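Chemist:
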Amino acid sequence: MPEMMRVVRYNVTGPPSVLVIEEHPVPQPGEGQVLIKVHAAGVNPTDTNQRRGERNVVPPATPGSDVSGIVAALGPGVAEFQVGDAVFGSARGSYAEYAVAAVDGLAPKPDTLSFDEAASVPMGARTAWGGIFTTADLQPGQRLLVTGASGGVGIYAVQLGHWKGAEVIGTTSAANAELVRSLGADTVIDYNATPTELAAEDVDVVFETVSYETQERAWQALKPGGIMIGITHQPSEETLPPEGFRFGRPGHTPGAMRLIADLFEQGLLRTIIRKVLPLEQAAQAHELSETHHGAGRIVLRVSS
445 MPEMMRVVRY
455 NVTGPPSVLV
465 IEEHPVPQPG
475 EGQVLIKVHA
485 AGVNPTDTNQ
495 RRGERNVVPP
505 ATPGSDVSGI
515 VAALGPGVAE
525 FQVGDAVFGS
535 ARGSYAEYAV
545 AAVDGLAPKP
555 DTLSFDEAAS
565 VPMGARTAWG
575 GIFTTADLQP
585 GQRLLVTGAS
595 GGVGIYAVQL
605 GHWKGAEVIG
615 TTSAANAELV
625 RSLGADTVID
635 YNATPTELAA
645 EDVDVVFETV
655 SYETQERAWQ
665 ALKPGGIMIG
675 ITHQPSEETL
685 PPEGFRFGRP
695 GHTPGAMRLI
705 ADLFEQGLLR
715 TIIRKVLPLE
725 QAAQAHELSE
735 THHGAGRIVL
745 RVSS
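In our numbering, each residue carries its 1-based index in the sequence shown increased by 444.
#1: Per DSSP, what are the beta-bridge partners of H441 in this structure?
#2: The alpha helix (DSSP H) with V624 in it runs from where to where?
#3: Does P639 come out as helix, strand or coil in the three-state DSSP assignment?
#4: Return the CA-CA distance between G533 and K667, expressed in angstroms with no decimal places.
#5: Can you look up S564 in the DSSP assignment and give me helix, strand or coil?
#6: Who are T631's beta bridge partners in DSSP?
#7: Across the stretch 527-544 and the stretch 480-493, are there enough close Cβ pairs to call them in contact, namely three or more that are closer than 8 Å?
#8: So what does DSSP say about H483, is it helix, strand or coil?
#9: Count the C-beta pairs between the stretch 540-554 and the stretch 729-741 that are closer than 8 Å, then say yes if the count reaches three, no if not.
#10: On the criterion of 16 or more Cβ atoms from any shown chain inside 10 Å, does T638 qualify as buried, or is it exposed?
#11: So the candidates are E524, A505, E541; which of them puts its Cα closest to the Cα of R450?
#12: Taking only the alpha-carbon atoms, compute the straight-line gap between Q477 and G711 and give it to the nearest angstrom.
#13: Three-state secondary structure (DSSP) at M445?
#14: Compare the beta carbon distance of V624 and G605 with 8 Å and say whether it is the shorter of the two.
#15: Is the stretch 668-677 in contact with the stretch 514-525, if contact means three or more CB pairs nearer than 8 Å?
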């Protein structure tokens, strides 16, 4: 085990250029944790928000939460994994050669996924699961509207809704329409041609992944008693849900990563990677992420 490792850090908040490569000691896992030799790290909007200073994180800090890699060491009390196991899930500061992770945020990496693919999954799939099932309790035959259906969360919301047996409606750009349809959407709406409020009606669940403006317009698609799941904005006092409608955030589902891994093993889920870049190009990865265009997730490859 090396004593030092390369990590991506930002010592001040700001533009992507504040991200630099530094040498730091390899961390040690604590109770209920494992040390992961990182193969790949997913790039999420929360990472770029954190770097800009929009999250309650004080620099210096290492971004990243999505991870895939090999268990390199076990902390006290860990029985779920062994050294050498391939895993994926959540680890704080995953833009690094090694990262510490709590075992309840990890699952064995499906054989059907490469390390790059596995690192693109955790936050998006877990958020979609927690919104659609834990909070909204989507049922077969219900109608689900997913805005931003080709994004890092939307691709899983579409697939999970289809797997559950719901009627799935997805909004995306014309360029990504066929992709969203291939993921299981029954109806695909070009958001540049059709306003969100006209994309569907009598919807049981809206899974909103885009913006405050989209959220406000999507209320009109819900049927009375329906629920809006929002991952971008909480309704303000002036724009609370109309009477008879509900709003919720994705809930926490214990063991969600193992449930998601099982669906990948069965070939019932797939991931979409937008681009893979080396760890040294973390700044370029953030620049690309902040364009908010393109399908799927960006991944940093840390080791082969």
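Here a beta-carbon is modelled for each residue, glycine too, at the ideal position from N, C-alpha and C. Please read all numbers here as calculations on a predicted model, not as lab measurements.
Modeler: Working from what's here:
#1: In the structure displayed, the chain extends from 445 to 748; residue 441 sits before or after that span and is not available.
#2: 621-626
#3: coil
#4: 35 Å
#5: coil
#6: I613
#7: yes
#8: strand
#9: no
#10: exposed
#11: E541
#12: 29 Å
#13: coil
#14: no
#15: no
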